[in-house]
Amino acid sequence: MKKISSFLCVTMLLMAALLAPPAFAQTGPKTLIVYDAPAGSEYTKLGMAYGIMLKNLLGHFDSNAELLPAQNYVAGKMQAYDATFYLGSYYDNPLPAAFLSDASTTTKTVVWFKYNLWQLAWNPAYGFPAKFGFDYSTLRGLNALPTAANPAPGFFDTIGYKGKSFVKYYTFDSATGAINADPDIGTTTVLDPVKASVLVPVTNPKTGETVPYVTRSGKFWYVADMPFSFIGPRDRYLVLADLLHDMLGVNTPEKHRALVRLEDVGAMVSVSAMKTLTDYLYGKHIPFSIATIPRYVDALGVYNGNIPQTVPLSQATNLKTALNYALPRGAEVVMHGYTHQYSNIRDPHTGVSGDDYEFWNIVTNSPVAEDSTAWAQDRITKGKAELTSNGYTPVAWETPHYHSSALASKVFAKPANFSTTYQRVVYFTADKPNFNPVPNKDFGVGQIFPYVIKKDYYGQRIIPESLGNIEYDIRAIDPTSNFNYTWQDIVTNADYAKVVRDGYASFFFHPFWLEPDVGTPGFADFKKVIDGITALGYTWIAPSQAQ
């Protein structure tokens, strides 16, 4: 039976877990990330999760940032760094006097996010308004509490940057009263335009008000909210990703590259679909990659008449035919897990390669029972052996569904395994995370990248996949494929990605959308994505060319 189940590998929500990051040589700016970690709170580790995300972005600039809880700051520390970033994620978290004093007097760059600027700006001992030419005004959030009759009362949600409007995420469930959003911003007032200026505005569409989103005074920057909450491909997170060049004083020329990856290509792939896609890309002189699953497993016989089935690469005729045809025509192989499924269970769909998670138990939202460095290494070793023994050399690794344990992610990055990964990543604040709503609970964050990350928190070099993938609602055939994500969505995401001066347009596509029994305009829409991204001025490259 043909595999038609799919999964949109886009995870933006907070989840949880962490280990000390691998050390690496730093050649870029030396940076310090100070974050809120109030003791005994359910949100003690949230600031750390945001700090990990910022550290990852700074990895684009060859900066191995140091993470430091605010209460551990000691006088004079920021003088040893080119830039200090303070992540104000916890309202009124008491900041050490040494930190406030240094932030007001240092000659180095300071970037302050969201909460607690009032502890510096409103204390006359620091002379903040006179020195920096702007003052902290007040905190603004939702215009009113949402109700069933007024589910979206509005807030300052629209950030204007480089001609684009970046709208912050917001949903409200009237049945439960749950709000999924981060509406709070800190507002500022420029007092002396010679000293301070508003670089980026934010607007409240319901009231028509506009206030500063990014304010700068010399080397002191203030960002009105936390750009790492509820991120997406058209989010103000991209504004920060671009502004980091200026915050760090890194001169980067405008350069935009594009990548396309054919996804979840395993033993049962349609040779016809793969040849059609290969011929089209080859005819356009567009290099591409193939996310290859070395070993096919249908552990429960879901697609094989209830008889469990395993197909090693040596017997995967369709897959080898497709690869052998594509490689001379511009394709590169990316290893996409070993089996892209876990054990003989539904995790969560079918237990079939390509459908399920491999390095995370998504049903229990925890590491798999065998999770260890040795277990992950064994799967990597076996998967690479399947490829190399059949004549294929992978240029990068891609984690199945972008989700694995902290231990596994560090294994992927080992020099003997993969010098490069090609993906989004979930990061954790503990190795064995506790997600229960208790003090010091753990968090996990799924992060999208707009450019190459030279070293992330787990030591991985990451080529970005930043746009998502085409999806169709085919619930009548496959209940797990029940929403639409159109070619227009992908091209619009690419248009937004151009605000990042060295931003990538990188997407993936499932070849099974070309199969006749699925009944979708997959090939036509694929071509529209390629044409749309090309028209935006991107240059298509292979993963091995990403820098």
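Residues in the sequence shown are numbered consecutively from 230, following the working numbering. Cβ coordinates follow ideal geometry from the N, Cα and C atoms, glycine included.
Under the three-state reduction of DSSP, W604 is assigned to helix.
Spatial neighbours of E483 in its own chain (CB-CB distance under 8 angstroms, excluding positions within 5 residues in sequence) are listed in chain order as R730 and D731. Taking the C-beta atoms as reference points, A410 is found nearer than 8 angstroms to Y398. S633 has its alpha-carbon roughly 31 angstroms from the corresponding atom of L477. Under the three-state reduction of DSSP, I609 is assigned to helix. The beta-bridge partner set that DSSP reports for A407 consists of D402. Of the other Cβ atoms in all chains shown, 16 or more fall within 10 Å of the Cβ of G612; this residue is therefore buried. Within the segment 525 to 602, the alpha helix (DSSP H) runs of at least 4 residues that lie entirely inside it are, in chain order, 546 to 555. In the three-state DSSP reduction, K343 falls in the strand class (E or B).
As the crow flies, the alpha-carbon of P375 is around 6 angstroms from that of P382.
V667 counts as exposed, since fewer than 16 other C-beta atoms from the protein chains shown sit within 10 angstroms of its C-beta. Around the CB of T260, 16 or more other CB atoms lie within 10 Å, so the residue is classed as buried.
Each of D413, P516, P623 and F712 was checked against the Cα of G317, and the nearest Cα belongs to D413. N285: member of the alpha helix (DSSP H) spanning L275 to L287, first to last residue. Residue state for T649 is assigned as coil, using DSSP reduced to three classes.
By the C-beta density criterion, V452 is buried, having at least 16 other C-beta atoms within 10 angstroms.
If you ignore the 5 residues before and after N722, its C-beta comes within less than 6 angstroms of the C-beta of P462 and L696, all in its own chain and listed in chain order. Taking the Cα of A425 as reference, the smallest distance to any Cα among F385, Y390, A359 and S394 is reached at A359.
By alpha-carbon distance to F385, the top candidate from A294, K306, G534 and T436 is T436.
Secondary structure note for A359: its alpha helix (DSSP H) is the uninterrupted segment F357 to F361. A direct Cα-Cα distance of roughly 16 angstroms separates E587 from V563. In the DSSP assignment, G317 is bridged to K343.
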